[in-house]
Amino acid sequence: MFNTAISFVQNNEWAEDIAQDVFIEVYQSIEKFNEQSTLGTWIYRITVNKCLDQIRAQKRQKRFAFVTSLFHKDTGELIHDTSNFEHPGILAEQKERAKYLFKTIERLPASQKTAFILSQIEGLSQKEIAEILNISTKAVESLIQRAKTTLRTKLENIYERRRK
Amino acid sequence: MNSRNDKEKWVAEVLNSMEGMKKAEGNPFLYEKIMYRLQNKDTVQDIPAGALLPKWIIAGLFLLFINSIAFTNEISRHEPEMHNETNMGILSEIGNQTTYNY
Chain S
28 MFNTAISFVQ NNEWAEDIAQ DVFIEVYQSI EKFNEQSTLG TWIYRITVNK CLDQIRAQKR
88 QKRFAFVTSL FHKDTGELIH DTSNFEHPGI LAEQKERAKY LFKTIERLPA SQKTAFILSQ
148 IEGLSQKEIA EILNISTKAV ESLIQRAKTT LRTKLENIYE RRRK
Chain R
1466 MNSRNDKEKW VAEVLNSMEG MKKAEGNPFL YEKIMYRLQN KDTVQDIPAG ALLPKWIIAG
1526 LFLLFINSIA FTNEISRHEP EMHNETNMGI LSEIGNQTTY NY
């Protein structure tokens, strides 16, 4: 759960908050669980929804960042800048490259991002992802494929910019 | 050709940088934090919507008050001009009448 959350929001504190919220929601609404899906699927669904809510709130905050305290008073830099995020599970020798990958994942559309994270980071099957997102397996396959294509294009652009 | 290969190699390396990745683990005190929140949830009461009503009324009255001040100011700012226009109109009328009368 924490792993999914941190991959989505790319911030340790927010991921912890989400993990707590998910636990509490599961505890409080376990009676609502109708056993049409597995418990794991249900928990994943709650986690994904909470992560997407957090991202939406994050975007809203960014939009109004100029009037909030999101910026350092002295340097003017963003306090919660995700561009230098390091996933704690990444191998030491891959950290530098993974930074670019997470920076690009962050910019994916929500549906592609969800499918990509659940498939590539969580290692879930397309069938499991389809159940979590309540879509067909074909749709999941298409989302993952599109996510990979988008990531490739964006990374190529980053490479070009770095060379200039 | 070489640069294209370099670019493709770099992109592939970045895309494969998740290989061997381990699952991130949360704070070891996460369970305690959750238990604390669950236990305190019972003591923290949600504020009923009705309790905020007087605040809404006060806020509404305050807005009305501010608006009325702004409106009064706007009128008093234009008042001398309005008076002048009326006076000039009356004067010119009187003047005209005077000319005709003579």
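Read top to bottom, the protein sequences are chains S and R.
Residue numbers for the first sequence, in this note's numbering: 28 to 191.
Residue numbers for the second sequence, in this note's numbering: 1466 to 1567.
The C-beta atom is built at its ideal place from N, Cα and C for all residues, glycine as well.
Residue i, buried or exposed, once every other Cβ within 10 Å from all chains shown has been counted against 16
i: Lys1474 (chain R); result: exposed
i: Glu1497 (chain R); result: exposed
i: Lys77 (chain S); result: buried
i: Ile132 (chain S); result: buried
i: Leu66 (chain S); result: exposed
i: Tyr54 (chain S); result: exposed
i: His114 (chain S); result: buried
i: Gln37 (chain S); result: buried
i: Leu1526 (chain R); result: exposed
i: Phe35 (chain S); result: buried
i: Tyr1565 (chain R); result: Residue placement at Tyr1565 (chain R) is poorly supported in this model, since its pLDDT is 49, which falls under 50; the coordinates still yield a value, given next. By the 10 Å Cβ count, Tyr1565 (chain R) comes out exposed.
i: Trp1521 (chain R); result: exposed
i: Leu1528 (chain R); result: exposed
Chain S residues whose Cβ lies nearer than 7 Å to that of residue i
i: Glu1490 (chain R); result: Phe29
i: Glu1478 (chain R); result: Arg124
Of the listed residues the options, nearest to residue i (C-alpha basis)
i: Asn111 (chain S); options: S:Leu118, S:Leu128, S:Ala119, S:Glu120; result: S:Leu128
i: Asp48 (chain S); options: R:Met1483, R:Leu1480, R:Arg1502; result: R:Arg1502
i: Leu1495 (chain R); options: S:Glu52, S:Phe29, S:Glu58; result: S:Phe29
i: Ala125 (chain S); options: R:Asn1481, R:Ile1534, R:Ala1489; result: R:Asn1481
i: Glu1490 (chain R); options: S:Ile51, S:Ser56, S:Phe60, S:Ile33; result: S:Ile33
i: Thr164 (chain S); options: S:Ala174, S:Ser152, S:Arg173; result: S:Ser152
i: Leu118 (chain S); options: R:Asn1470, R:Met1483, R:Asp1471, R:Arg1469; result: R:Met1483
Closer than 8 Å at the beta carbon, the chain R residues around residue i
i: Leu66 (chain S); result: Residues of chain R passing the Cβ test: none, with the nearest at roughly 17 Å.
i: Ile148 (chain S); result: Met1483, Met1486
Proximal chain R residues relative to residue i, where beta-carbon distance stays under 7 Å
i: Tyr127 (chain S); result: Val1479
i: Tyr186 (chain S); result: Lys1472, Trp1475, Val1476
Proximal chain R residues relative to residue i, where beta-carbon distance stays under 9 Å
i: Ile162 (chain S); result: Neighbours of Ile162 (chain S) on chain R: none; closest Cβ ~23 Å, over 9 Å.
Proximity test, residue i beta-carbon vs the ligand MN heavy atom, cut-off 7 Å
i: Phe1494 (chain R); result: No copy of the ligand MN appears in this structure; indeed no ligand is present at all.
- Message: What are the residues in the region 164 to 182 of chain S lying within 8 Å of chain R by C-beta distance?
- Response: Contact residues of the region 164 to 182 of chain S toward chain R are Lys175, Leu178, Arg179, Leu182 (C-beta to C-beta distance below 8 Å).
- Query: Closer than 8 Å, Cβ to any Cβ of chain R: which residues of the region 37 to 53 of chain S, in chain order?
  - Reply: Residues passing the 8 Å Cβ filter: Ala42, Glu43, Ala46, Gln47, Phe50, Ile51.
- Task: Could you tell me which uninterrupted beta strand (DSSP E) segments, each at least 3 residues in length, are contained entirely in the region 28 to 54 of chain S, listed from first to last along the chain?
- Result: Whole beta strand (DSSP E) segments, 3+ residues: zero.
- Short-range partners of chain S found in the region 1517 to 1542 of chain R, where Cβ spacing is below 8 Å: Within the region 1517 to 1542 of chain R, no residue places its CB atom closer than 8 Å to a CB of chain S.
- Task: Closer than 7 Å, Cβ to Cβ, to anything on chain R: give me those residues from the region 130 to 154 of chain S, in chain order.
- Result: Within the region 130 to 154 of chain S, the residues whose Cβ lies closer than 7 Å to some Cβ of chain R are Gln147, Ile148, listed in chain order.
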